[in-house]
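Here is the structure we will look at, set down as structure tokens.
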Amino acid sequence: DAGVTQSPTHLIKTRGQQVTLRCSPKSGHDTVSWYQQALGQGPQFIFQYYEEEERQRGNFPDRFSGHQFPNYSSELNVNALLLGDSALYLCASSDRVYNSPLHFGNGTRLTVT
Amino acid sequence: DAKTTQPTSMDCAEGRAANLPCNHSTISGNEYVYWYRQIHSQGPQYIIHGLKNNETNEMASLIITEDRKSSTLILPHATLRDTAVYYCIVRVNLNDYKLSFGAGTTVTVRA
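Protein chains in written order, with my numbering: chain A, 1 to 113; chain B, 1001 to 1111.
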């Protein structure tokens, strides 16, 4: 049973560019959340998707947007990249069972130069 | 959301039990305590969670005090592979996917 898979594993972009990161949830999961983890810090919540709609959002600017597809997979898009966007981007999935734990992927390491 | 307080770091001898404390003095009655760990360069791994009763699974045990203001994660027989950052998190309910990770406790298991 495959867990949460993310692609690519590493990515290098230039300031001002746009990037798309992808996530496939664990089998049987229908809810996807995205987190940003800067070096040496804990993950910070970006947003969460369920039924192809954004349901919760953290304190991130509109440059960060997402999408969820009918097969529950998800994309995270970041526009106008800044140096400060360099981080590990984590995807987590879960089902809608009460207090089902979130399962995380191993993330995409984004470097903005 | 209730905040949690954990020690910055701790060492543990291989084969011994590791007891990781967490304070959550402002926890509400409907909030669960979750524990995750993150091994270097990997995503956070779910360990265990509980509401008020003690919980045990194949990875660890969770002891929650009667007043629910603190908890302890117990790794019964620590191995070198348990070296990681351990996060204690309070989660409100089903619809709360905004987990608030603090700095966690860096646990180093030594041979």
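Every residue, glycine too, gets a C-beta built ideally from N, C-alpha and C.
Neighbour-count burial assignment, residue i, 16 or more Cβ in a 10 Å radius
i: P1044 of chain B; result: buried
i: K1069 of chain B; result: exposed
i: F69 of chain A; result: exposed
i: I46 of chain A; result: buried
i: G28 of chain A; result: exposed
i: A38 of chain A; result: exposed
i: G42 of chain A; result: buried
Residue i beta carbon near the ligand PLP (any heavy atom closer than 7 Å)
i: T5 of chain A; result: Looking at this structure, you won't find the ligand PLP or any other ligand, since it has none at all.
Practice task
Report the residue ranges of all alpha helix (DSSP H) runs contained in full by the region 55-108 of chain A; include only those spanning at least 4 residues, in chain order.
Solution key: none
Exercise for the section: Could you run through the region 93-108 of chain A and flag, in chain order, every residue whose CB is less than 9 Å away from some CB of chain B? Expected result: S94, R96, V97, Y98, N99, S100, P101, L102, H103, F104, G105, N106, G107
Problem - Meets three-Cβ-pair contact criterion under 8 Å: the region 1027-1038 of chain B and the region 1084-1093 of chain B - result: yes
Practice task
For the region 40-69 of chain A, enumerate the residues whose C-beta is nearer than 8 Å to any C-beta of chain B, in chain order.
Solution key: Q41, G42, P43, Q44, F45, Q48, R55, Q56, G58
Practice task
At 3 residues or longer, and completely inside the region 1064-1090 of chain B: list those beta strand (DSSP E) runs for me, N to C.
Solution key: 1070-1075
Handout entry: Any beta strand (DSSP E) of 3 or more consecutive residues that is wholly inside the region 2-44 of chain A
Key = 5-7, 10-13, 19-24, 31-37
Practice task
With 8 Å as the limit, tell me which residues of the region 1088-1107 of chain B have their beta carbon closer than that to any beta carbon of chain A; keep them in chain order.
Solution key: R1091, N1093, L1094, N1095, D1096, Y1097, K1098, L1099, S1100, F1101, G1102, A1103, G1104
Practice task
With 8 Å as the C-beta to C-beta threshold (strictly closer), list the residues of the region 1042-1066 of chain B near chain A in chain order.
Solution key: Q1042, G1043, P1044, Q1045, Y1046, H1049
Exercise for the section: Anything in the region 17-34 of chain A with a Cβ closer than 8 Å to a Cβ of chain B? List those residues in chain order, please. Expected result: T31, S33
Exercise for the section: Taking 8 Å as the threshold, find out whether the region 91-108 of chain A comes into contact with the region 1-8 of chain A through three or more Cβ pairs. Expected result: yes
Handout entry: Residues in the region 1017-1045 of chain B having any Cβ partner in chain A nearer than 9 Å
Key = Y1032, Y1034, Y1036, Q1038, S1041, Q1042, G1043, P1044, Q1045
Exercise for the section: Decide yes or no for the touch test of the region 1074-1081 of chain B against the region 79-92 of chain A: beta carbon pairs closer than 8 Å, at least 3 of them. Expected result: no
Exercise for the section: Decide yes or no for the touch test of the region 1018-1032 of chain B against the region 54-69 of chain A: beta carbon pairs closer than 8 Å, at least 3 of them. Expected result: no
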